[in-house]
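This report refers to the structure that appears directly beneath it.
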Amino acid sequence: FNIYDLKNRLIAHSVAVNEVSYMVCEWGNIILIMADRSALCVGEKDMESKLDVLFKKNLYSVAINLVQSQQADAAATAQVLRKYGDHLYCKQEYDEAMAQYILTIGHLEPSYVIQKFLDAQRIHNLTNYLEKLHEKGIASKDHTTLLLNCYTKLKDVEKLNYFIKNEDGVDHKFDVETVIRVCRAAGYHEHAMYVAKKAGRHELYLKMLLEDLGRYDEA
Numbered sequence: 001f002n003i004y005d006l007k008n009r010l011i012a013h014s015v016a017v018n019e020v021s022y023m024v025c026e027w028g029n030i031i032l033i034m035a036d037r038s039a040l041c042v043g044e045k046d047m048e049s050k051l052d053v054l055f056k057k058n059l060y061s062v063a064i065n066l067v068q069s070q071q072a073d074a075a076a077t078a079q080v081l082r083k084y085g086d087h088l089y090c091k092q093e094y095d096e097a098m099a100q101y102i103l104t105i106g107h108l109e110p111s112y113v114i115q116k117f118l119d120a121q122r123i124h125n126l127t128n129y130l131e132k133l134h135e136k137g138i139a140s141k142d143h144t145t146l147l148l149n150c151y152t153k154l155k156d157v158e159k160l161n162y163f164i165k166n167e168d169g170v171d172h173k174f175d176v177e178t179v180i181r182v183c184r185a186a187g188y189h190e191h192a193m194y195v196a197k198k199a200g201r202h203e204l205y206l207k208m209l210l211e212d213l214g215r216y217d218e219a
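Take 1 as the starting number for the sequence shown in UniProt numbering and just add one per residue.
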């Protein structure tokens, strides 16, 4: 006796039974009456039990479809996405794992994801995640510091320009003091000065002009 999930194209339940005389659907259950007069009642499992079974079988795509079809809240959906991300991460499928983690932003503590990709030394994936945190406006000062360190380590001046000078047309929100400090420490003095000038930090701008660049005539 099989129960098919047509939406996900799989067998949702399978059990060996004797000859069936009658089948009745009542109270949300399927009741089988056997030829030997015995009966079998098959009921739907609760959401948690369904997900546990799917996780054990690594059917994460089905689990995601399930929570979405049941209109589960965003936090519950994020937990399923996290588990899928963890599964992909363990298989060293880092790009695919990051795609799932990005979908959890706003519901999963960022440090959980950041630590994983720091440990794996996957700087490009980490950079992508940090960019998404800033895009959604939930990045902390530490996240900004780490993102800028990623840019400078990658020597990605184009991305640095996009982030600091809004060359991509996006107004990135960041802590001015943090950006200036990180750019100065990494030797990107022009970027630090740009931020200081734009933020009206004229005293700091002059300090960098004199101390970092030695451009006394311009000062």
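We put the CB at the ideal spot given by N, CA and C, even for glycine.
Cβ distance (whole Å) where residue i is taken to contact residue j below 8 Å
i, j, result
"asparagine 2", "serine 14", "5 Å"
"lysine 83", "phenylalanine 117", "With a Cβ gap of about 17 Å, lysine 83 and phenylalanine 117 do not count as contacting."
"leucine 40", "leucine 32", "4 Å"
"arginine 201", "valine 179", "The Cβ separation is near 11 Å, so there is no contact."
"glycine 137", "lysine 173", "6 Å"
"glutamate 48", "methionine 34", "So it is not a contact: roughly 31 Å between Cβ atoms."
Cβ neighbours of residue i in the same chain (closer than 7 Å, five flanking residues each side left out)
i, result
"tyrosine 94", "Ala120, Arg122, Asn125"
"threonine 77", "Val67, Gln68"
"threonine 145", "Thr178, Val182"
"isoleucine 102", "Tyr129, Lys132"
"histidine 107", "Ala74, Ala75, Ala78"
"alanine 16", "none"
Cα-Cα separation, residue i to residue j
i, j, result
"alanine 12", "valine 62", "11 Å"
"histidine 87", "aspartate 36", "46 Å"
"aspartate 212", "cysteine 183", "12 Å"
"asparagine 149", "histidine 134", "15 Å"
"tyrosine 60", "leucine 204", "52 Å"
"glycine 85", "tryptophan 27", "37 Å"
"tyrosine 216", "valine 195", "20 Å"
"lysine 7", "glutamine 70", "13 Å"
"asparagine 29", "leucine 10", "19 Å"
Start and end residues, beta strand (DSSP E) containing residue i
i, result
"histidine 107", "Taken as a continuous stretch (DSSP letters only), histidine 107 belongs to no beta strand (DSSP E), as it is neither H nor E."
"glycine 85", "Not the beta strand (DSSP E): glycine 85 falls in the alpha helix (DSSP H), residues 74–90."
"valine 20", "20–26"
"leucine 32", "29–34"
"leucine 10", "10–14"
"asparagine 166", "Unbroken run through asparagine 166: none, as it is neither H nor E."
First and last residue of the uninterrupted alpha helix (DSSP H) at residue i
i, result
"valine 62", "60–69"
"leucine 213", "Per DSSP, leucine 213 belongs to no alpha helix (DSSP H) and is neither H nor E."
"serine 38", "Counting along the chain, serine 38 falls outside any alpha helix (DSSP H), and DSSP gives it neither H nor E."
"alanine 196", "189–198"
"isoleucine 138", "No alpha helix (DSSP H) contains isoleucine 138, which DSSP labels as neither H nor E."
"alanine 185", "176–185"
"aspartate 156", "First-last for aspartate 156: undefined, no H or E at that position."
"aspartate 52", "47–56"
Same chain, Cβ closer than 6 Å to residue i, five either side skipped, listed in chain order
i, result
"histidine 143", "Leu130, Leu133"
"glutamine 100", "Leu81, Tyr84, Gly85"
"threonine 127", "Cys150"
Contact set for residue i: own chain, Cβ-Cβ below 8 Å, skip 5 residues either direction
i, result
"lysine 153", "Ile123"
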